[in-house]
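For the sequence shown, the positions run 0 to 143 when numbering that gives the first Met the number 0 is used. Cβ coordinates follow ideal geometry from the N, Cα and C atoms, glycine included. The model shown is predicted, which means the values in this text are computed figures rather than measured ones.
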Amino acid sequence: MKPASLAKELRQQGIAPEEFAATVAQLIEAGWKSIGKNVKGLREQHCRTQEELAIMSGGKHGVSVRTIARIESGEQISEESLRAIAGAFNVSVDDLKMPVDPPDRETMKEIAAAQGCIAVNFVKVKVGEDIVESMNGAQANMFQ
0 MKPASLAKEL RQQGIAPEEF AATVAQLIEA GWKSIGKNVK GLREQHCRTQ EELAIMSGGK
60 HGVSVRTIAR IESGEQISEE SLRAIAGAFN VSVDDLKMPV DPPDRETMKE IAAAQGCIAV
120 NFVKVKVGED IVESMNGAQA NMFQ
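And the structure:
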């Protein structure tokens, strides 16, 4: 449909073209934020840093760390970069676009164990003893 025809159709239905454009822009922004959450979630599930993901996505000729940071913060990136990131995780671009709920704690622990790393819950601490307590008995050294 041509833009003029769309504007006419919107007016006939009582919708201001400007409002429609703003709504579409909000939907697009929400979509990129969802993709960013999915990329960050996959990266964390695989115990990878942004730097490691950049290498996984093609190294020097792949996606830069800056681009990964941008997508994780909800900014739009090129379709080519999105394909490279999807390929790094062996998923489809459509998988990255699907809104997903974050895995629960037990699932995160299982995923982390399978990847040879640990899932860490972040807690606010004031003193070294709080750190030891938050580690649930894990051995730790306290530094002054």
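query, result
"Just to confirm, is the Cβ distance from residue 20 to residue 56 under 8 Å?", "no"
"Taking DSSP as the reference, what is the three-state secondary structure of residue 61?", "coil"
"What is the residue span of the alpha helix (DSSP H) that residue 55 lies within?", "49-55"
"Between residue 69 and the rest of its own chain, which residues show a CB-CB distance below 7 Å, the 5 nearest in sequence each way excluded?", "76"
"Could you check the C-alpha separation between residue 35 and residue 81 for me, to the nearest Å?", "10 Å"
"Taking all protein chains shown into account, decide if residue 44 is buried (16 or more other Cβ within 10 angstroms of its Cβ) or exposed.", "buried"
"Taking the alpha-carbon positions, what's the residue 67 to residue 73 distance?", "10 Å"
"Expressed to the nearest angstrom, what Euclidean distance is found between the alpha-carbon atoms of residue 8 and residue 22?", "16 Å"
"By the DSSP assignment, the alpha helix (DSSP H) with residue 35 in it spans what residues?", "16-44"
"What number of angstroms, rounded off, separates the C-alpha of residue 38 from the C-alpha of residue 71?", "6 Å"
"Grouping DSSP H, G and I as helix and E and B as strand, with all else coil, what is residue 74?", "coil"
"Do residue 6 and residue 16 come within 8 Å of each other at the CB atom, strictly closer than that value?", "yes"
"Are residue 53 and residue 40 touching if we call contact CB-CB under 8 Å?", "no"
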